[in-house]
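S.K.: Start counting the sequence shown at 21; every next residue gets the next number (the numbering used here).
Even glycine gets a Cβ: it sits at the ideal position worked out from N, Cα and C.
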Amino acid sequence: MTKPNLDKTVQKFIDYIESKNSKPLNEITPDEAREFLSELQKEYYAPINAHTEDITIFSPSAGDINVRIVRPENCLNEKLPVIIYCHGGGWVMGDADVYDMTIKKIANYTKSAVAFVNYPRSPEFKYPDALNQIYATIKYFAEYGSDNNIDTNKIAIAGDSAGGNLAIAAAIKAKFENGPKLLFQALIYPVADTEMNTESYKEFKDGPWLTKKSMEYFFDCYKPKKEIKENDMFISPLKAELQDLEDLPPTLIITAENDVLRDEGEALARKLIDANVDTACVRINNTIHDFMLLNALKESKATKAGYKILCRFLGHALNNN
């Protein structure tokens, strides 16, 4: 295996993780995995000023949805655009506290509200429960967002990893159901396919950080026991036909150089372009999967560049329409 090209900060983090000799994800329980990520984030946490509010949305089709709304402190009484944020963690891990720094940075840098969906996690809940809650959240803010000082005409969606998968799936669902119009979608190293046979999967199957075995575990947790079509575009958006992708919102896809998901994310960008969707795809070199989530990497050049790119695209889409 070719030695990955890593920023010094990233390499230091990988060395630290390897020194802990932790069991792989597929050998621990979901709760143990959640605790591992939560404690890791706390270890490198740095407070960021922003206003937070936790609300519960009731949806007849999706049940009670727990959402954390984050907005810049100096914009409490200002009607703001909203970014619906779908978190990663393989549909298994992650919550609003794990993503605290991420969503506060996005809110502050874009001068927008960020609505973080604490969707029901796998394996306790299977597809399509998380997707249904995210779509219901979009509909809620489009209809009732003014109750939370949200501009109901300025809604974008964003997500990382499994959350990137959920974000584009929700955008496709909105299209097919003639749902709310999304101004933009940002997909950060998204899960785009179930095949796991790309060159980046072969090159980085053993990491650093995210491995092929971990992705197999995540899919096993997320996919329902009953048969689903292997080309289900709501699980594998790369399997969508071009006509299914037409008229999706303008899109930014960010990938990481040393990541099993790199190639499928870039393939998804090409397919969106073929479907005449305004799409930009940026590969960030010298870093790993989750580089925009991990608090340990907050000072790395790759992470800082990723946030600048992400927030400029989101900010422009929401504040210039």
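Give the straight-line distance between the Cα atoms of T172 and S132, rounded to the nearest whole angstrom.
M.R.: For T172 and S132, the distance between alpha carbons rounds to 12 Å.
S.K.: Please report the distance separating the alpha-carbon of G227 from that of K23.
M.R.: If you take the alpha carbons of G227 and K23, they lie about 10 Å apart.
S.K.: Assuming the contact rule is C-beta atoms closer than 8 Å, L186 and A150 should be a hit. Round their C-beta distance to whole Å, please.
M.R.: With a Cβ gap of about 6 Å, L186 and A150 count as contacting.
S.K.: Between the Cα of E38 and those of V297, W229, N296 and D310, spot the shortest distance and give me the residue it belongs to.
M.R.: Looking at the Cα atoms, W229 is the closest of the given residues.
S.K.: Compute the beta-carbon to beta-carbon distance between V102 and K174, rounded to the nearest angstrom, for a pair I have assumed lies under 8 Å.
M.R.: 7 Å between Cβ atoms; contact.
S.K.: Between which two residues does the beta strand (DSSP E) containing T271 stretch?
M.R.: From DSSP, the beta strand (DSSP E) with T271 extends over T271 to N278.
S.K.: Between G285 and G183, is the Cβ-Cβ spacing less than 9 Å?
M.R.: No, these two residues do not count as a Cβ contact at 9 Å.
S.K.: Note down the Cα distance separating T214 from A260, rounded to an integer number of angstroms.
M.R.: The alpha-carbon atoms of T214 and A260 are separated by roughly 13 Å.
S.K.: How far does the beta strand (DSSP E) with N306 in it reach, from first residue to last?
M.R.: T299 to I308 is the span of the beta strand (DSSP E), which, as asked, contains N306.
S.K.: Measuring CA to CA, which of F238, Y105 and F78 is closest to A190?
M.R.: Comparing Cα positions, the closest option is Y105.
S.K.: Give the DSSP bridge partners of T72, in chain order.
M.R.: According to DSSP, T72 bridges with V90.
S.K.: With 16 other CB atoms within 10 Å as the buried threshold, where does D117 fall?
M.R.: With fewer than 16 Cβ atoms within 10 Å of its Cβ, D117 is classed as exposed.
S.K.: Using CA atoms only, rank isn't needed, just tell me which of L272, A176, I293 and A295 is closest to K328.
M.R.: That would be L272, whose Cα lies nearest to the Cα of K328.
S.K.: If I85 and A156 are in contact, beta carbons under 8 Å, what's the gap, nearest whole angstrom?
M.R.: Indeed they touch by this definition, with Cβ atoms about 6 Å apart.
S.K.: If you compare alpha carbons, which of L100, N341 and D298 is closest to F161?
M.R.: That would be L100, whose Cα lies nearest to the Cα of F161.
S.K.: Tell me which residue opens and which closes the alpha helix (DSSP H) that F342 is part of.
M.R.: Any question about residue 342 goes unanswered here, given that the chain covers just 21 to 341.
S.K.: Looking at C-alpha atoms only, which residue of K146, F333 and I304 is the closest neighbour of Y242?
M.R.: Of the listed residues, the one whose Cα sits closest to Y242 is K146.
S.K.: By a C-beta neighbour count over all protein chains shown, 10 Å radius and 16 as the cutoff for buried, is Q61 buried or exposed?
M.R.: It is buried - the Cβ of Q61 has at least 16 other Cβ atoms within 10 Å.
S.K.: Using CA coordinates, which residue listed in T122, Y65, A82 and E59 is at the minimum distance from I89?
M.R.: Nearest option by C-alpha distance: T122.
S.K.: Please state the DSSP three-state secondary structure of K225.
M.R.: If DSSP states are grouped into helix, strand and coil, K225 belongs with coil.
S.K.: Determine the extent of the alpha helix (DSSP H) in which F33 is found, giving its start and end residues.
M.R.: Element bounds for F33: K28 to S39.
S.K.: In this structure, what does DSSP give as the bridge partners for A133?
M.R.: Paired residues: V102.
S.K.: Can you tell me whether A189 is helix, strand or coil according to DSSP?
M.R.: Three-state DSSP puts A189 in a helix.
S.K.: Considering only residues of the region 163 to 189, which uninterrupted beta strand (DSSP E) runs meet the minimum length of 3 residues and lie entirely inside it, listed in chain order?
M.R.: Correct list: 170 to 180.
S.K.: Along the alpha helix (DSSP H) that carries F145, what are the first and last residues, could you check?
M.R.: Note, F145: premise wrong, no alpha helix (DSSP H); not H, not E.
S.K.: So for I85, helix, strand or coil by DSSP?
M.R.: Strand.
S.K.: Measuring only the C-alpha atoms, how far is N306 from A82?
M.R.: Those two C-alpha atoms are separated by around 40 Å.
S.K.: For a quick check, are the C-beta atoms of F204 and I170 less than 9 Å apart?
M.R.: Not a contact, by the Cβ cut-off of 9 Å.
S.K.: Roughly how far, in whole angstroms, is the beta-carbon of R91 from the beta-carbon of H71, given that I think they are within contact range, below 8 Å?
M.R.: Contact flag correct, Cβ pair sits at about 5 Å.
S.K.: Taking the continuous alpha helix (DSSP H) assigned at G326, which residues delimit it?
M.R.: Start and end: K321 to N339.
S.K.: DSSP puts I77 in a beta bridge; with which residues?
M.R.: Answer is I85, bridged to I77.
S.K.: Which same chain residues end up closer than 6 Å to E73 when comparing Cβ atoms and leaving out the 5 residues on each side of it in sequence?
M.R.: Taken in chain order, the residues that qualify are I89.
S.K.: For the candidate residues N168, Y139, Y164 and I48, whose alpha-carbon lies nearest to that of Q153?
M.R.: Minimum Cα distance to Q153 is reached at Y139.
S.K.: Provide the residue span of the alpha helix (DSSP H) that contains D264, from first to last.
M.R.: Run containing D264: L262 to L265, per the alpha helix (DSSP H) assignment.
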